[in-house]
Every structure is written in structure tokens, then in C-alpha cells.
Amino acid sequence: MQQLKDRIKECDKLLIGIGEEWNKDSVPEILKAYEKLADLVKEKDYFIVTTVTDAEIFNSSLDSRRITAPCGNETWRQCSESCTKDIWEPGEIPDDICPHCQAPLTGNTIEAKNYIEEGYLHMWKKYTSWLSGTLNKNLMVLELGVGFETPTVIRWPFEKTVSINNKAVMYRIHDKFYQLSPEIKDKAVSIAMNSVDYIEET
Ligand SMILES: [Zn+2]
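For what it's worth, numbering that gives the first Met the number 0 labels the leading residue of the sequence shown as 0, then goes sequentially.
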């Protein structure tokens, strides 16, 4: 725990991945964990990639200008038939019916039949530009509860980021999927524990 805090203190850039273990449905008091995390990283130049779509992270003190949620946001609405690229904020369309084609609205997430990606692309661009600035820097990668539901979003690209940066260090924390691939073994610490519990105990 102390070692993790020291590592965070020492790094220039902090990349955080948040995965399945952080779903509000499985952790009723998830906001507390986000606040712990916010406290841990508040002094740092960080960026967060989350695959969680419940948008609870945006109710925390974490800086929303440093968060990208490429799998979408359940509280935002889109047309279930994708007749338009419009995305509506909560409550904007009270009857939850598409004003263009009268189809029901649905959450703006990868669960939609045709996911309208415009909802996240702006922050995703900010993220890739931030990431390109980490190349020769002391980069700390903190991967929290990311399994194999959508490994192409965080897990595999993070491994690649760690393997190409000589100064990178990684913490992979997961109840079940804490294993390290051979490419990152020497640069990474694996912690076999639920990552929400781990952060709550720091
Ligand atoms: Zn429509």
C-alpha cells in the first residue's frame, strides 16, 4: 500500500484504467472508492480510461476533463434505431422517444444496437494526445479491476504502453485476472485482490 503511494508520488504521468470491478451494481457505495482514488491522485497529471458505463465516476471529485469512457454513458440517451447522431442528456427528452423517428431512446453505450460513438470521441482524442506525451516520461500505470469483457480498450493497449516505455511501471490489481504477460513481467506488480477494496484500504 505504502509502496503504491510512493510510486504514485514519484511518477510524472499517471495512467489509470478502470474496469468491470467498479460497476455500481456490484459495489453499492462506489462513490466512496472514487473519492479515495481522487484523493490519491489529486496532485498528479493523470488520465483515466474507464469501461464502466454507469457514469457514477462523473459524480466524484475526479476531474471529468481527465476521464474518457469509450464504452459509453448509460445516462445519456440515443435513438435505438440510430436515425440521428444526436445524443441527449438526462431529462432532456422526458418521454424517452426519439423526436425524429419516434423509436424509443436507449443508453448511449456499446450495448446499443448501433452505438453512436460521437459521445466519447472528443475525450478519446484528448486521451490519445495526452498518452503520446508520456513516451519518455516516468509513467505509472494503475490498472484497476480490468478483466476480459473488453480487453481491447484497456488491458491489451496498456500492456503495450508499458512494454514500449522503458521508464514505465504498472500495478495490475484484480480479484481473478491479476496475471501478467511475459512482456511486462519485469515492470509490473500484480496484486490478487478486488481493486475497489484495495483502493478503499489505501
Ligand atoms: Zn430516431
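Note that beta-carbon positions come from the ideal geometry of N, C-alpha and C, so glycine has one too.
Give me the residue from the options with the minimum Cα distance to residue i.
| i | options | result |
| --- | --- | --- |
| S25 | T67, S189 and E55 | E55 |
| P150 | V51, I198, N165 and S194 | V51 |
| I15 | T67, F57 and L30 | T67 |
| E206 | I17, V40 and L61 | Residue 206 lies beyond the stretch modelled for the chain, which goes from 0 to 201, so this question has no answer here. |
| I153 | T127, G132, K136 and S63 | T127 |
| D206 | F147, G18, G71 and E42 | Since the first and last residues shown for the chain are 0 and 201, residue 206 lies out of range. |
| V168 | I7, G18 and Q1 | I7 |
| N135 | K12, H99 and Q1 | K12 |
| E142 | K23, L179 and N58 | L179 |
| I163 | F147, V140, G146 and E148 | V140 |
| A213 | I86, T133, P98 and G132 | Residue 213 lies beyond the range of the chain shown here (0 to 201); nothing can be said about it. |
| H121 | N58, S63 and A102 | S63 |
Less than 8 Å separating the beta-carbons of residue i and residue j?
| i | j | result |
| --- | --- | --- |
| R76 | Y45 | no |
| E117 | K84 | yes |
| G144 | V195 | yes |
| T201 | L30 | no |
| E73 | D53 | yes |
| W123 | P69 | yes |
| V161 | K184 | no |
| N193 | E88 | no |
Between residue i and residue j, how many whole angstroms is the CB-CB distance? I'm expecting something under 8 Å.
| i | j | result |
| --- | --- | --- |
| K166 | L130 | That belief does not hold up - the Cβ atoms of K166 and L130 are roughly 14 Å apart, past 8 Å. |
| I190 | Y177 | 6 Å |
| S79 | L104 | 6 Å |
| I109 | G146 | Wrong, their Cβ atoms sit about 15 Å apart, outside the cutoff. |
Check the Cβ-Cβ distances between residue i and every residue of chain B, and say whether any is below 8 Å.
| i | result |
| --- | --- |
| S60 | Of the chains in the structure shown, none is chain B; there is only one protein chain. |
Please confirm if the region 169-176 is in contact with the region 32-50, defined as three or more CB-CB distances below 8 Å between the two stretches. no
State whether the region 30-39 contacts the region 90-107, with contact taken as three or more CB pairs (one from each stretch) at a distance under 8 Å. no
Of all residues in the structure, which have a C-beta closer than 6 Å to any heavy atom of ligand 1, taken in chain order? C78, E80, C82, T83, C97, H99, C100 and A102
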